[in-house]
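A quick write-up on the structure given underneath.
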Amino acid sequence: MNAAAARIDEDKVAELAERLPDVEARASLLEVCQPLADRLARRFDGRGESHEDLVQVASIGLLKAVSGFDRSRGDAFMAYALSSIVGELRHHVRDRIRTVRVPRGVRANSLEVDYAIDRLCQRLGRSPKISEIAAETGLSAQQVLDAHTSARIAVPASIDELGDEGGVELPAPRDQYAFLTEWMAVAPALE
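For the sequence shown, position 81 matches number 81 in my numbering, and the numbering has no gaps at all.
Okay, structure coming up:
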């Protein structure tokens with residue numbers, strides 16, 4: 001399993017899972033496995049949702065695992081819980097956070113482009129041009145632009161958080177169009 005599961009006494013978990021649906025066993029199982037839910041929630045940090053909300057979602061996944069576990073199927077509870085918690089977190093991230101679905105290939109290119117930009121900045125002592133990034137990664141200039149742009153649109157800022165509460169104030173639609181117009185005008189020069 002993973003490091004989070006290694007810290008949990010799996011023998012105790014197996015014993016408690018055997019006693020389900022006993023109310024005391026259920027409560028103890030939730031308590032013993034909560035660190036697993038906490039650690040799995042950390043994997044999803046930085047995706048536009050607060051850590052506390054992710055822990056709540058992971059806890060719901062754990063609760064569903066405890067409620068839905070069927071020991072007669074012969075599965076280990078830890079494997080079932082891990083799958084349930086991660087599934088709940090993925091559904092939450094997919095349904096609540098991402099408003100733009102970025103294709104998997106573009107997301108993979110985005111990571112490669114970010115690493116290439118870091119390497120080139122260190123090597124060149126300046127921000128690299130699109131053509132230099134393309135040469136470094138083996139991608140086309142358009143793929144580099146798509147990958148670099150996708151990282152900025154994947155996690156939207158909340159319009160509910162404004163002003164002094166630490167939120168982000170979004171620009172007026174005209175400002176966005178002006179920015180895009182300027183970007184499109186200079187994009188060929190960056191290649």
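Note that the Cβ used here is the ideal one computed from N, Cα and C, for glycine as well.
**Q.** Beta-carbon gap between Gly61 and Glu18 smaller than 7 Å
**A.** Taking the first residue of the sequence shown as 1, we reach residue 61 at position 61. Taking the first residue of the sequence shown as 1, we reach residue 18 at position 18. The answer is no: Cβ separation not under 7 Å.
**Q.** Selection from Ser50, Ile130, Glu136, Thr181 that minimises the alpha carbon distance to Ala200
**A.** Here the chain has residues from 1 to 191 only, and residue 200 is not among them.
Q: List the whole-angstrom C-beta distance separating Cys33 from Val13, where the pair is believed to meet the contact cut-off of C-beta under 8 Å.
A: Here residue 33 refers to the residue found at position 33 of the sequence shown. Here residue 13 refers to the residue found at position 13 of the sequence shown. The Cβ separation is near 7 Å, so the contact holds.
Q.
To the nearest angstrom, how far is the alpha carbon of Asp118 from that of Asp70?
A. Residue numbering aside, residue 118 sits at position 118 when the sequence shown is read from its first letter. Residue numbering aside, residue 70 sits at position 70 when the sequence shown is read from its first letter. Cα-Cα distance, rounded: 49 Å.
Q: Mind reading off the beta-carbon distance from Ala198 to Leu36? Whole number of angstroms is fine, and I expect it under 8 Å.
A: Nothing can be reported for residue 198: it is not among the residues displayed for the chain, which extend from 1 to 191.
Q) Going by C-alpha distance, which of Ala58, Gly125, Gly74, Glu15 is nearest Ser28? A) One-based indexing of the sequence shown puts residue 28 at position 28. The residue with the shortest Cα to Cα distance from Ser28 is Glu15.
Q | Buried or exposed (CB count within 10 angstroms, at least 16 for buried), Arg7 | A | Here residue 7 corresponds to residue number 7 of the sequence shown, with the count starting at 1. Classification for Arg7: exposed.
**Q.** Start-to-end residues for the alpha helix (DSSP H) that takes in Ile8
**A.** Along the sequence shown, one-based indexing puts residue 8 at 8. Premise fails: Ile8 is in no alpha helix (DSSP H) and is neither H nor E.
Q. CA-CA distance, Thr137 and Trp183?
A. Numbered from 1 along the sequence shown, position 137 holds the residue referred to as residue 137. Numbered from 1 along the sequence shown, position 183 holds the residue referred to as residue 183. Answer to the nearest angstrom: the Cα atoms are 22 Å apart.
**Q.** C-beta atoms of Gln142 and Asn109 nearer than 7 Å
**A.** The sequence position of residue 142 within the sequence shown is 142, counting from 1. The sequence position of residue 109 within the sequence shown is 109, counting from 1. Their beta carbons are not under 7 Å apart, which means Gln142 does not touch Asn109 by this criterion.
(Q) Quick check on Leu20: does DSSP put it in helix, strand or coil? (A) Position 20 of the sequence shown, counted from the start, is the residue given in the question as residue 20. In this structure, Leu20 counts as coil in the three-state DSSP scheme.
(Q) With a threshold of 7 Å on Cβ separation, who are the neighbours of Val86 within its own chain once the five nearest residues in sequence on each side are excluded? (A) For this step, residue 86 is matched to residue 86 along the sequence shown. Once the five neighbours on either side are set aside, the close Cβ partners of Val86 are Leu40.
Q: State the DSSP-derived secondary structure class of Asp114, mapped to helix, strand or coil.
A: Locating residue 114 in the sequence shown gives position 114, where the first residue counts as 1. Residue state, collapsed to three classes: helix.
Q: Could you spell out the range, first to last residue, of the alpha helix (DSSP H) harbouring Ser50?
A: Start at 1 with the first residue of the sequence shown, and residue 50 comes out as number 50. Taken as a continuous stretch (DSSP letters only), Ser50 belongs to no alpha helix (DSSP H), as it is neither H nor E.
(Q) Quick check: what's the CA-CA separation for Ala147 versus Val102? (A) Counting from 1 along the sequence shown, the entry for residue 147 is found at position 147. Counting from 1 along the sequence shown, the entry for residue 102 is found at position 102. Whole-angstrom Cα-Cα distance: 9 Å.
**Q.** Reduced DSSP category for Ser140 - H, G, I as helix; E, B as strand; rest coil
**A.** As a position in the sequence shown, residue 140 is number 140, starting the count at 1. Three-state DSSP puts Ser140 in coil, outside helix and strand.
Q. What separation, rounded to the nearest whole angstrom, lies between the Cα atoms of Val106 and Arg126?
A. Counted from its first residue, the sequence shown places residue 106 at position 106. Counted from its first residue, the sequence shown places residue 126 at position 126. When rounded, the distance between both Cα atoms is 25 Å.
Q. Less than 7 Å separating the beta-carbons of Lys64 and Ser84?
A. Residue numbering aside, residue 64 sits at position 64 when the sequence shown is read from its first letter. Residue numbering aside, residue 84 sits at position 84 when the sequence shown is read from its first letter. Contact flag set, yes.
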